[in-house]
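Report on one structure; see the data block that follows.
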Amino acid sequence: IIFTSCEFGIFDLLRESGESLSLAIIAERLNTSLTGMEKLLNCCVTLNLLKMEQKDDRDLYGNTEFANLYLAKSSPKSQYYTLKIFSDVLYLGMKYLPDAVRSEERIESFFRYMNEAWSLHGREVLTAFDLSEFEFIYDIGGSCGALSKELIAIYPNCSVTLFDLPEVVETSKKYHAFSETSQITFHGGDFFKDPIPEADLYIFARILFDWNDEKCLQLLNKVFNHSRT
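Once you know that position 21 of the sequence shown is 20 in the numbering used here, the rest is easy, because the numbers rise by one and skip nothing.
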């Protein structure tokens, strides 16, 4: 229900309108049937995603605060692309994920998903411990660079190297358009096969859960042997 509502743009329409709208107006603007849209809207009301009020003998639908904040694309806290990834990729089965993210469009959606995720809790994670003493940091499997950007924003005296597969690194550079003076640099490679240079701190964010214990120990031993501290 949430996936479908996001795909149709229901939450975007209601947020941009600034007022509650009738079923007829919503169906017309989104080019859907009245019957189908009515059922979908009422399901959203049941899930507390939409609110319904009666005015002049008409049912009017509007976003709840939750929908305005997290489900409308124009919100700074939007989780639209997170839901899109869940709907288009993860929900269909993790075994299809490699094929799904090979195209540039899918990679961009995946990057937006990661950005949205870190926008919610990135600062809290990175300030849970004082990392100001670490000057050289490696963001292992840094993907889109969202965590790296958050790091230099919180700790301006640090420099961060994003380590990921070469094709991911190139897409990340293109996606974020990092300036030459940025404190973020890039290292393309395979962290299982290639050497990992010395650093003061290594960050594995959303990486270790992808691998079995043997692989995780291999990575952790590798960075332990190269850590400066």
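The beta carbon of each residue, even a glycine, is placed where N, CA and C say it ideally should be.
Assignment of E27 by DSSP, reduced to helix, strand and coil, places it in the helix class.
Annotation for F10: S4, N62, A66, L70, A71 place their beta carbon closer than 7 Å to its own, counting only its chain and skipping 5 residues before and after. In this structure, the straight-line span from the alpha carbon of T45 to that of M36 is close to 14 Å.
K192 sits in coil when the DSSP states are folded into three classes, being neither helix nor strand. Between the C-alpha atoms of H225 and I151 there is a straight-line separation of about 22 Å. With a 10 Å radius around the Cβ and a threshold of 16 neighbouring Cβ atoms, R227 comes out exposed. Contact holds between the stretch 107 to 121 and the stretch 73 to 82, because three or more Cβ pairs, one in each stretch, are under 8 Å apart. Assignment of D58 by DSSP, reduced to helix, strand and coil, places it in the strand class. The C-alpha of G17 is placed about 42 Å away from the C-alpha of F208.
Around the C-beta of R28, fewer than 16 other C-beta atoms lie within 10 Å, and the residue is accordingly described as exposed.
Taking C-beta atoms as the reference points, I1 and L39 fail to come closer than 8 Å. Residue burial annotation: S73 is exposed, with fewer than 16 other C-beta atoms found within 10 angstroms of its C-beta. The alpha-carbon separation between S181 and L59 amounts to approximately 49 Å. For S147, the number of other beta carbons within 10 angstroms of its own is at least 16, and it is reported as buried.
Residue pairing from DSSP places M51 in a beta bridge opposite Y60. Assigned with DSSP and collapsed to three states, V88 falls in coil, not helix or strand. A straight-line Cα-Cα distance of about 16 Å links L161 and G121.
Shown here, L161 sits in a strand according to DSSP, grouped into three states. Per DSSP, the continuous alpha helix (DSSP H) segment holding I153 begins and ends at 145 to 153. Residue range 33 to 45 is occupied by the alpha helix (DSSP H) that includes T34. In the structure shown, I106 falls within a helical segment according to DSSP collapsed to helix, strand and coil. The beta carbon of S158 is closer than 8 Å to those of E134, F135, I136, I151, Q182, I183, T184 in its chain, skipping five residues each way along the sequence.
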